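Enquirer:
Numbering (this note's numbering), first residue to last: 406 to 612.
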């Protein structure tokens with residue numbers, strides 16, 4: 406999925422769409438794509454340790470000629486094997502609870518809102534479209550000025566459509582459609598009164 410959005414044509418289309426949207430509104434729009442919000446290595450390690458603990462009683466049922474030292478060595482071998490296996494990304498993401506994935510992605514979205522200086526725009530009209538692709542997480546964060554003009558419920562349908570397209574592997578098209586839909590809301594709530602471009606239009610990608 407990420408390979409599609411990394412294509413220069415899609416990235417150019419995203420930038421052009423943002424530029425076109427911002428020509429019709431005083432709002433400033435920034436898009437951020439994170440391939441994943443966290444590496445979750447601690448989760449895979451915890452799962453490996455947990456399974457080894459569960460299997461330890463079975464190891465003691467092995468032939469009695471195995472010494473305690475040999476059983477201890479087997480435990481370590483099993484732990485290392487599982488820890489390495491669970492670091493395979495598709496498997497790791499299945500082991501991480503959904504709440505944890507969303508929590509990490511939401512935290513990253515809020516950090517990006519500040520790092521991209523969306524809170525410093527004139528009139529507090531910054532809008533962040535944030536995607537954590539591995540988590541299938543999408544969030545639209547509006548600064549205070551926009552939040553007073555557009556209710557959070559107005560973004561819900563846009564986010565749901567975005568997530569459906571990401572799950573089908575159409576991240577590039579999803580970004581463009583989302584920007585266009587946000588543009589319609591922004592134009593109605595905060596129509597353009599001046600020509601400005603305070604923040605970058607290009608898609609920001611976090612590896």
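Glycine residues also receive a C-beta, built at the ideal position from the N, C-alpha and C atoms. Treat the numbers as computed from the prediction; the structure is a model and nothing was measured.
Please go through the same chain and pick out, in chain order, the residues whose beta-carbon is closer than 6 Å to the beta-carbon of residue 540, but skip the five residues on each side of it.
Expert: What you label residue 540 is simply residue 135 of the chain shown in a count that begins at 1. Around residue 540: 442, 506 and 510.
Enquirer: In terms of alpha-carbon separation, which member of 566, 529, 581 and 489 lies closest to residue 606?
Expert: Walking along the chain shown from the start, residue 606 turns up at place 201. Taking only the C-alpha atoms, the option nearest residue 606 is 581.
Enquirer: The alpha helix (DSSP H) with residue 491 in it runs from where to where?
Expert: Here residue 491 refers to the residue found at position 86 when the chain shown is read from its first residue. Run containing residue 491: none; DSSP gives neither H nor E here.
Enquirer: Below 8 Å, can you find three or more Cβ-Cβ pairs linking the stretch 492–500 to the stretch 563–576?
Expert: Short answer: they don't touch.
Enquirer: Taking 8 Å as the cut-off, decide whether the C-beta atoms of residue 439 and residue 538 are in contact.
Expert: Looking up residue 439 in the chain shown gives position 34. Looking up residue 538 in the chain shown gives position 133. Yes, the Cβ-Cβ distance between residue 439 and residue 538 is below 8 Å.
Enquirer: So, is residue 431 buried or exposed, given that buried needs 16 or more other C-beta atoms within 10 angstroms?
Expert: In the chain shown, the residue the question calls residue 431 occupies position 26. Buried is the call here.
Enquirer: List the residues that DSSP assigns as beta-bridge partners of residue 578.
Expert: Taking the chain shown and counting its residues from 1, the one referred to as residue 578 is at position 173. Residue 578 pairs with nothing; no bridge assigned.
Enquirer: Give the list of continuous beta strand (DSSP E) stretches no shorter than 3 residues that lie fully inside the stretch 407–470.
Expert: Correct list: 433–439.
Enquirer: Taking the DSSP output, what are the residues bridged to residue 544?
Expert: Here the question's residue 544 lines up with position 139 in the chain shown. Bridge partners of residue 544: 535.
Enquirer: Is the CB-CB distance between residue 433 and residue 546 below 8 Å?
Expert: Position 28 of the chain shown, counted from the first residue, corresponds to residue 433. Position 141 of the chain shown, counted from the first residue, corresponds to residue 546. In this structure, residue 546 does not lie closer than 8 Å to residue 433 by Cβ.
Enquirer: Buried or exposed: where does residue 477 fall if 16 or more other Cβ atoms within 10 Å of its Cβ makes it buried?
Expert: Here residue 477 refers to the residue found at position 72 when the chain shown is read from its first residue. Burial call: exposed.
Enquirer: Looking only at its chain, what residues have a beta carbon closer than 6 Å to the beta carbon of residue 525, apart from the 5 residues adjacent to it on each side?
Expert: Taking the chain shown and counting its residues from 1, one reaches residue 525 at position 120. For residue 525, where only same-chain residues beyond five positions count, there are no Cβ hits under 6 Å.
Enquirer: If contact is defined by three or more beta carbon pairs under 8 Å, each pair taking one atom from either stretch, is the stretch 587–605 in contact with the stretch 422–431?
Expert: Enough Cβ pairs lie closer than 8 Å, so yes.
Enquirer: Taking buried to mean at least 16 other C-beta atoms within 10 Å of its own C-beta, is residue 406 buried or exposed?
Expert: On the chain shown, position 1 is the one that residue 406 refers to. Reliability fails at residue 406, whose pLDDT of 49 lies under 50, so the model's placement of it is uncertain and the value that follows must be treated cautiously. So residue 406 ends up on the buried side.
Enquirer: Which residues does DSSP pair with residue 554 in a beta bridge?
Expert: Numbered from 1 along the chain shown, position 149 holds the residue referred to as residue 554. Answer by DSSP bridge pairing: none, since residue 554 is not bridged.
Enquirer: Using CA atoms only, rank isn't needed, just tell me which of 554, 527 and 484 is closest to residue 592.
Expert: Locating residue 592 in the chain shown gives position 187, where the first residue counts as 1. For residue 592, the nearest C-alpha among the options comes from 554.
Enquirer: With distances taken Cα to Cα, identify the nearest neighbour of residue 422 among 560, 587, 518 and 594.
Expert: By 1-based counting over the chain shown, the position of residue 422 is 17. Nearest C-alpha to residue 422: 587.
Enquirer: Pick helix, strand or coil for residue 613, following the three-state DSSP scheme.
Expert: Within the shown structure, residues of the chain are numbered from 406 to 612, placing residue 613 beyond reach of any answer.
Enquirer: When the Cα of residue 489 is compared with those of 512, 527 and 445, which residue comes out closest?
Expert: Locating residue 489 in the chain shown gives position 84, where the first residue counts as 1. The option with the nearest alpha carbon to residue 489 is 445.
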